[in-house]
Each structure stands twice: as structure tokens, then as C-alpha cells.
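These notes are about the structure you will find just below.
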Amino acid sequence: MSYEELLEKIQNFHAKICVVGLGQVGLPTALIYAKQGYKVYGYDINDSTINLLSQKKSPFEEEGIVKLISETIENNQFEPNTSLMECVEKSDVIIVCVATPIIDITPNLSFLKSASISLSELNLKGKLVIIESSIPPGTFKDFVIPIISKNISLGNDFWAAYAPERLSPSLALSEIQETPRIIGHEDEKSGILAKSLYQNMVHSEIFVTNSKVAELSKLVENSYRDVNIAFANEISLICEKYQIDFAELFKICNSHPRVNLHMAGPGVGGPCLPKDPYLLLNPTNGEKIESKLITESRKINDLMPLHISKLVTNALESQGKSLKNSTILILGVAYKGNVSDTRFSPSKEIIHDLQQKQCSVFVFDPLTDETFGAEKISNLDDEIIKKFDVLIIAVDHEEFRKIDPTTFQSMIKKPIIVDTKRIFDSKHIESLDMIYISVGYDGNSNLSN
Ligand code: SAJ
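Structure (C-alpha cells):
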């Protein structure tokens with residue numbers, strides 16, 4: 413197919429799209445393109461994902477996703493398929509959304525490499541290939557393109573662009589259409605093709621630039637957030653020293669028009685923020701870039717789960733109890749509210765640290781079966797609540813916000829509530845004769861004042 417024919421097909425919604433990798437980015441992307449009227453083939457290396465989708469089930473929690481899977485499969489717009497060859501052969505556009513994790517602090521591009529090799533073995537002539545995965549700078553031009561253009565020439569035989577995903581899990585289906593997008597390319601025609609595709613999905617601005625700027629923009633956005641959360645976390649520790657409440661400071665400081673203090677919490681989890689700063693500092697050419705601020709911020713955020721267990725120790729000691737043999741219930745093992753994803757979840761470290769200190773740790777999370785070695789409880793009735801010394805709210809799932817705190821009055825002795833996500837009002841909890849602790853609010857020291 414010629415460039416002109418492909419452009420017309422994309423503009424008229426006649427192009428067929430293959431999405432490679434149906435995770436938290438690929439699946440919403442596939443479904444929204446299908447909803448917009450494109451025929452979309454979905455491929456994943458994991459057959460169980462395809463099986464689940466074929467049964468109209470979602471492999472993960474996401475607002476509105478099950479309904480959209482059913483609708484798009486039923487009207488024949490979306491077709492999950494276990495054969496990459498078949499999906500690619502039938503498609504005009506291939507969108508790659510595979511994971512690019514880290515091992516320790518080193519980027520691991522093995523999934524991207526094997527997807528690129530598989531694509532290079534298929535006929536990409538006349539097609540547009542788009543990479544959405546977060547990647548170290550230089551990866552699109554110096555790693556992906558050399559692999560996939562083995563026998564064909566970019567800009568003549570086929571086209572390719574880098575379009576970093578920007579969707580936030582739990583808001584994916586709405587954000588994907590509202591958030592501006594960035595298209596990075598190495599030849600102008602690829603940029604035009606990719607822009608016309610995203611224009612048919614995104615009701616917002618589309619920036620077109622070179623691939624390196626696009627790669628960096630994605631990594632800088634997530635590093636910005638990580639560094640700002642680290643600042644908030646550090647300020648919360650300072651608040652504890654001054655015995656003031658971070659939440660009050662947060663509200664007051666953010667009334668300034670040029671201040672955007674982030675929220676302190678139990679640490680930073682998820683598939684993106686704990687990893688992207690390392691992608692930013694490890695470009696594909698092997699150079700190691702130094703950044704004291706970014707590296708230190710990662711360390712601050714990584715230490716927060718241990719701070720939570722220190723807060724628990726202090727609270728128990730203030731009650732004349734030791735951490736050893738105490739029973740602790742953690743609400744939430746997902747990495748953040750309203751998602752089922754547990755990657756890099758702060759709860760994992762909190763659980764392990766408390767278990768090492770010989771506490772009995774239980775978890776309750778209606779969105780995931782993961783327990784990180786703790787014991788799972790399936791509801792929060794009075795009989796169960798009774799046996800706990802401490803309750804830690806580690807995640808702000810909507811369901812947890814609806815809990816009536818008087819439920820915890822049946823806990824042993826004076827209930828200790830460690831609300832790392834500020835889902836309850838501290839004064840209300842204290843008025844119920846419970847101890848309220850949070851990051852940046854050490855109820856013990858407040859009590860002893
Ligand atoms: N967190 C805090 N304090 C805050 C905000 C978040 O402690 O003020 C914690 C959360 O609890 C969670 C972690 O940070 O553990 C990450 O949560 P998040 O909502 O900031 O980010 P993600 O990883 O769910 O999604 C991010 C988003 N990036 C930005 O907001 C810049 C999303 O838009 C990206 O598409 C996504 O990363 C990604 O896939 O890269």
C-alpha cells in the first residue's frame with residue numbers, strides 16, 4: 413500500500429489496527445480505537461489474556477472496561493487473537509504496548525526486543541508501526557528501527573513513530589481520549605500518518621516532534637511526579653519532627669497560586685513511577701547519566717514503607733505494647749486506589765518488614781488476590797476486626813472511603829488507625845477515642861503534647 417492510500421484509510425477509519433500487548437495500556441488503546449470504528453485485532457503473548465478476553469472478561473480492574481470489551485467484541489470491532497502473524501497480516505497499523513520493566517535499576521528491553529524481532533519476521537510493507545511503551549532515550553531510533561527495518565526501508569516501504577502512552581490506570585478509558593499526545597518520528601510521513609491516527613481518537617492537542625523529545629517527555633513527566641512526591645514525603649517527615657499535621661500544611665501551601673505540593677503517603681508504587689526515572693538516566697547508548705535529585709527522590713520514596721512500620725512501632729509502644737506478636741490488618745495491597753495492579757506496591761515492603769518484626773499480618777483488598785505472604789481476610793465484620801491491634805490503610809480504594817470508622821471500635825483495646833492515604837478525618841477518629849496516625853501526623857506525639 414502507498415503512503416497516500418494508508419493515510420486515507422487511517423483518516424476514514426478503514427485502516428485495520430493490531431495492538432501487540434493487551435496490558436493496562438494496550439487493552440484500553442485497542443478498545444477505544446475499536447469503539448471509534450476501527451477494526452482492531454488484539455494480540456498478547458499470554459494466551460490466558462486472550463482466553464479471558466474471548467470470554468468477555470478483563471484481565472485487570474479498570475472502570476468501564478468489561479462493558480467495553482463486551483460491546484466491541486459483540487459488534488465485531490475488537491477481535492482478541494493468539495496469532496501475531498494473523499493479526500499483523502490483516503492490519504495496516506501495528507501498535508506495540510509491551511512492558512519495559514527494570515531489573516534492579518537497569519532497563520530490561522527484552523519484551524520490546526522480542527516483539528520487534530517477531531515483527532521484523534513478518535511483512536511490514538505498506539504498514540505503520542507505532543511504539544507506545546516507555547523507553548530509554550534513543551531506543552526508538554537506535555534499537556527498534558534497526559530491528560524492524562531489517563529488510564525494508566523506513567519512510568519508503570513502511571512508516572513508524574513513537575507515541576508514548578499517557579493514561580493513568582483507573583482513569584484509562586476517559587484519560588486516553590482527553591489527554592494531549594506526543595508523536596515522535598524520524599521521517600515526516602510517519603509523523604503525519606501517526607498524527608492522523610491519534611487525531612481520530614484524542615479530543616485534545618497532538619504534539620509532533622522527533623523521537624528523542626517524545627521519549628524524554630514521557631520519562632520526565634513521571635520523574636517530575638516521583639520527585640514531587642519525594643518532596644512531599646520528606647516534608648511530611650519534617651512535619652512529624654515539628655509535631656504539626658502535613659494535611660493542614662498541604663491545604664494552606666496549595667492555596668498559593670504557584671505551589672502544587674503533592675500528597676505524602678506510604679511510598680510510590682506501580683509499573684511506571686518507580687521505573688521511569690531509571691529509564692531517563694540509562695539511555696540506549698549505554699551512557700550512565702547522573703542526577704542526584706532524581707536518584708535521591710527514588711530513595712526517599714522507597715524508604716516510606718519502612719517509615720510506616722516505624723509509625724506502627726511508636727504507636728504500639730505508646731500503648732505499652734511491643735510490635736512482636738501484635739496483630740495488624742492492612743487495607744489494600746494494590747499499588748494505588750481503585751486498581752488491581754500490585755506491582756511495586758508499598759504494601760509489599762510494609763508487610764515484609766512487619767513480618768520480620770514478628771507481627772501477624774493480615775490483608776484485605778477486594779480488588780486483588782495478592783497477599784505478599786500475609787493472611788487474607790474476606791470481610792470486615794466486627795468478629796474479625798476484634799482481633800487486631802493496628803489497622804493500616806495503605807490504599808485509598810473508593811470502597812475503603814465508605815467504611816464507617818465506628819466499625820473499628822470493636823478492635824482490641826484502644827484502636828490504632830494508621831491512615832497513610834488520609835481517607836478519614838483525624839479529628840473524627842480521635843473523637844471516637846481511637847489513635848489516629850498518618851504520614852506527617854504522629855498522633856502519639858500530638859497526644860503526649
Ligand atoms: N502517589 C503519592 N502521592 C501523590 C500521588 C501519587 O504518594 O500525590 C503515589 C500513588 O499512591 C502510587 C504512585 O504514587 O503509589 C503512582 O501513582 P500515580 O497516580 O502518580 O501514577 P501512575 O503510575 O498510576 O500513573 C502515572 C501517570 N503519570 C503522571 O501522572 C505523570 C500516568 O499519566 C502515566 O501514563 C502512567 O504513570 C504511566 O503509565 O507512565
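Each residue of the sequence shown is one higher than the one before, starting from 413 at the first, in the numbering used here.
Note that CB positions come from ideal geometry on N, CA and C, so glycine has one too.
Predicted model, so just to flag it, every value in this text is computed and none were measured.
Cβ-based neighbour list, residue i, same chain, cut-off 6 Å, excluding 5 preceding and 5 following
i: Glu729; result: none
i: Asp831; result: Ile805, Ser850
i: Leu585; result: Pro440, Gly476
i: Phe555; result: Thr696
i: Ile624; result: With the sequence shown as reference, residue 624 is identified as Lys, and Ile is not the correct amino acid for it. Only Pro549 meet the Cβ criterion.
i: Leu540; result: Val505, Trp571, Leu605
i: Cys684; result: Asn634
i: Pro592; result: Ser616, Glu617
i: Val773; result: Ile740, Ile763, Leu766, Gln767, Ala786
i: Ile712; result: Ala642, Asn645, Glu646
i: Ala427; result: Lys421, Asp504, Val505
i: Ala527; result: Val432, Val508, Val510
i: Thr824; result: The residue asked about is misnamed: residue 824 is Ile in this sequence, not Thr. Contacts found: Asp801.
Residue interval of the alpha helix (DSSP H) (run including residue i)
i: Tyr654; result: 623-654
i: Asp831; result: It is not in any alpha helix (DSSP H) - Asp831 instead sits in the beta strand (DSSP E) that spans 828-831.
i: Ala659; result: 658-665
i: Val478; result: 477-486
i: Thr707; result: 704-730
i: Pro492; result: Note, Pro492: premise wrong, no alpha helix (DSSP H); beta strand (DSSP E) at 490-493.
i: Lys451; result: Not the alpha helix (DSSP H): Lys451 falls in the beta strand (DSSP E), residues 451-455.
i: His764; result: 758-768
i: Val500; result: 496-502
i: Ile560; result: 557-560
i: Tyr610; result: 600-611
Selected residue, minimal CA-CA separation from residue i, among the options
i: Cys771; options: Val745, Ser738, Glu474; result: Ser738
i: Ile506; options: Lys788, Gly433, Thr707, Ile517; result: Gly433
i: Val632; options: Leu583, His426, Leu705; result: Leu705
i: Ile429; options: Ala746, Leu609, Lys601, Glu590; result: Leu609
i: Gly785; options: Asp777, Asp793, Lys760, Pro778; result: Lys760
i: Val639; options: Ala573, Glu483, Glu708; result: Glu708
i: Asn488; options: Gly681, Val500, Tyr450; result: Tyr450
i: Ile829; options: Asn791, Asn726, Phe658, Glu491; result: Asn726
i: Lys769; options: Ile462, Leu718, Lys798; result: Leu718
i: Pro689; options: Ala746, Thr512, Asn791, Lys833; result: Thr512
i: Ser602; options: Lys826, Leu803, Ser414; result: Ser414
i: Val751; options: Asn791, Ile797, Glu810; result: Glu810
i: Leu723; options: Asp777, Asn672, Leu649; result: Leu649
i: Ile797; options: Tyr747, Pro827, Leu673; result: Pro827
i: Ile594; options: Ile559, Thr819, Ser545; result: Ser545
i: Phe523; options: Thr818, Glu590, Gly435; result: Gly435
i: Gly679; options: Ser721, Ile656, Gly698; result: Ser721
Other residues of its chain near residue i: CB distance less than 8 Å, five sequence neighbours each side excluded
i: Leu464; result: Ser470, Pro471
i: Asp459; result: Thr494
i: Ile422; result: Asp504, Val505, Leu540, Leu605, Ser608, Leu609, Asn612
Buried/exposed call for residue i, threshold 16 Cβ in 10 Å
i: Arg813; result: exposed
i: Glu782; result: buried
i: Ser565; result: exposed
i: Val478; result: exposed
i: Ile588; result: buried
i: Phe425; result: exposed
i: Thr518; result: exposed
i: Asp793; result: exposed
i: Asp516; result: exposed
i: Met497; result: exposed
i: Gly677; result: buried
i: Thr887; result: Residue 887 is absent from the structure shown; the chain starts at 413 and stops at 861.
Boundaries (first-last residue) of the beta strand (DSSP E) holding residue i
i: Lys430; result: Here residue 430 is Cys; the residue named in the question, Lys, does not match the sequence. Per DSSP, Cys430 belongs to the beta strand (DSSP E) from 428-432.
i: Glu795; result: Looking at the DSSP string, Glu795 is not in any beta strand (DSSP E); the run it does join, the alpha helix (DSSP H), is 794-797.
i: Ala572; result: 571-574
i: His840; result: Per DSSP, His840 belongs to no beta strand (DSSP E); it is in the alpha helix (DSSP H), 838-843.
i: Ile740; result: 739-743
i: Ser772; result: 772-776
i: Gly596; result: 593-597
i: Ile507; result: 505-508
Residues near residue i in its chain [Cβ-Cβ closer than 7 Å; skip 5 each side]
i: Asn694; result: Thr518, Pro519, Pro548, Lys700
i: Ile835; result: Ile805, Asp808, Phe812, Arg813
i: Lys537; result: Ile564, Asp569, Phe570
| field | Sequence-ordered residues whose beta carbon comes within less than 6 Å of a heavy atom of ligand 1 | value | Applying a distance threshold of 6 Å between residue Cβ atoms and the heavy atoms of ligand 1 selects Ser546, Glu577, Arg578, Leu579, Ser580, Pro581, Glu633, Asn634, Arg637, Ile641, His674, Met675, Gly677, Val680, Gly681, Gly682, Cys684, Leu685, Tyr747, Lys748, given in chain order.
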